[in-house]
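Please read the structure below before turning to the comments.
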Amino acid sequence: MEETRQQRRARERETAATRTKLERKLRNQVGGLVDGKPFDKWPAWKGTGVPTRDNCDLTNPRQAFIWMFVAMPVMKGAPLMLPTEYWEMQSFRMWTLGARPVADPTRKYQPPESVTANAWMASGSWVSLDTPERPRKTLAQALRELPQRERAEVRAALLDGLGLDDGEKPAPPAMQYTVATLAQRLNTSVDELVSVLGNLGLTNVHADSRISREIADRIVKHMGLE
Numbered sequence: 131m132e133e134t135r136q137q138r139r140a141r142e143r144e145t146a147a148t149r150t151k152l153e154r155k156l157r158n159q160v161g162g163l164v165d166g167k168p169f170d171k172w173p174a175w176k177g178t179g180v181p182t183r184d185n186c187d188l189t190n191p192r193q194a195f196i197w198m199f200v201a202m203p204v205m206k207g208a209p210l211m212l213p214t215e216y217w218e219m220q221s222f223r224m225w226t227l228g229a230r231p232v233a234d235p236t237r238k239y240q241p242p243e244s245v246t247a248n249a250w251m252a253s254g255s256w257v258s259l260d261t262p263e264r265p266r267k268t269l270a271q272a273l274r275e276l277p278q279r280e281r282a283e284v285r286a287a288l289l290d291g292l293g294l295d296d297g298e299k300p301a302p303p304a305m306q307y308t309v310a311t312l313a314q315r316l317n318t319s320v321d322e323l324v325s326v327l328g329n330l331g332l333t334n335v336h337a338d339s340r341i342s343r344e345i346a347d348r349i350v351k352h353m354g355l356e
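Written out as structure tokens, the structure is:
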């Protein structure tokens with residue numbers, strides 16, 4: 131059964147209340163004030179993928195240092211050992227103890243060759259500043275390189291996760307999914323998905339634009355997941 135507007139709003143309120151409760155718990159655990167504000171009154175990191183120097187606010191004590199904990203020495207696989215919230219607590223504590231990101235770094239973070247680094251896989255590495263950027267595979271390239279069986283599994287998982295696999299269920303209403311939702315399901319950035327949509331003839335779309343089942347199927351075909 132499709133979620134009603136009232137149900138969605140109730141779920142969103144419940145999620146917000148849970149988040150507020152967690153923020154207060156974290157505030158009590160980390161302690162301290164910066165400019166008179168506790169931990170939970172500073173904006174949390176809302177970036178895509180993993181924290182980097184470029185997508186963190188270096189003037190925000192909650193974000194200023196979290197990018198430094200990505201792909202730490204001897205780390206294998208996941209770039210962050212614990213959830214981002216934990217590293218936000220460490221960043222805030224470091225700030226209250228006097229640390230500041232004042233010097234320019236002598237190394238840079240280089241993401242993995244896969245499309246999008248994330249908090250669970252493909253840690254990337256730290257390299258010297260003069261290291262050339264390696265070419266990144268697009269989402270379509272990465273998927274096309276998968277064996278046929280794996281591509282079929284990805285396609286099935288994608289359609290099922292979006293509610294697009296009919297089976298015995300009725301097809302969902304058209305124009306139900308946003309670009310941001312589909313990008314998250316595809317584990318890619320909104321910008322890259324917007325580019326794919328442009329190649330399919332859909333222009334002037336943004337993260338909140340809604341897309342239909344038909345368009346989602348065309349995206350699957352465009353990525354070679356047929």
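Under this note's numbering, think of the first position of the sequence shown as 131, with each following residue one higher. The C-beta atom is built at its ideal place from N, Cα and C for all residues, glycine as well.
Residue i and residue j closer than 8 Å at C-beta
| i | j | result |
| --- | --- | --- |
| A174 | R157 | no |
| G207 | S258 | no |
| T148 | P181 | no |
| A310 | A337 | yes |
| W217 | Y239 | no |
| N185 | G177 | yes |
| A346 | L323 | no |
| S418 | T308 | Absent from the model: residue 418. The displayed extent of the chain is 131 to 356, so no value can be given. |
| E144 | D170 | no |
Residue i classed as buried or exposed, judged by whether at least 16 other C-beta atoms fall within 10 angstroms
| i | result |
| --- | --- |
| P209 | buried |
| T318 | buried |
| R139 | exposed |
| P303 | Residue confidence is low: P303 scores 47 on pLDDT, short of 50, so the model does not pin down where it sits. Its coordinate-derived value is still stated next. Exposed, by the Cβ-count rule. |
| L227 | exposed |
| R135 | exposed |
| G179 | buried |
| P262 | exposed |
| P241 | buried |
| R285 | buried |
| R141 | exposed |
8 Å contact criterion, which residue i and residue j should meet: CB distance rounded
| i | j | result |
| --- | --- | --- |
| P231 | A194 | 5 Å |
| V164 | W225 | 6 Å |
| R237 | V160 | Not quite, the Cβ-Cβ distance comes to about 27 Å (not below 8 Å), so this is no contact. |
| W172 | R183 | That pair is no contact at about 18 Å. |
| M205 | M211 | 7 Å |
Residue range of the beta strand (DSSP E) that includes residue i
| i | result |
| --- | --- |
| S258 | 255 to 258 |
| V240 | Note that residue 240 is Gln in the sequence shown here, rather than Val. That run of the beta strand (DSSP E) goes 237 to 240. |
Opposing strand residues paired with residue i [DSSP bridges]
| i | result |
| --- | --- |
| K167 | V164 |
| T261 | Note: T261 sits in no beta bridge, so no partner. |
Residue i: first and last residue of the uninterrupted alpha helix (DSSP H) it sits in
| i | result |
| --- | --- |
| R223 | 214 to 226 |
Closer than 7 Å: residue i CB and nearest the ligand ADP heavy atom
| i | result |
| --- | --- |
| Q159 | This structure simply doesn't include the ligand ADP, nor any ligand for that matter. |
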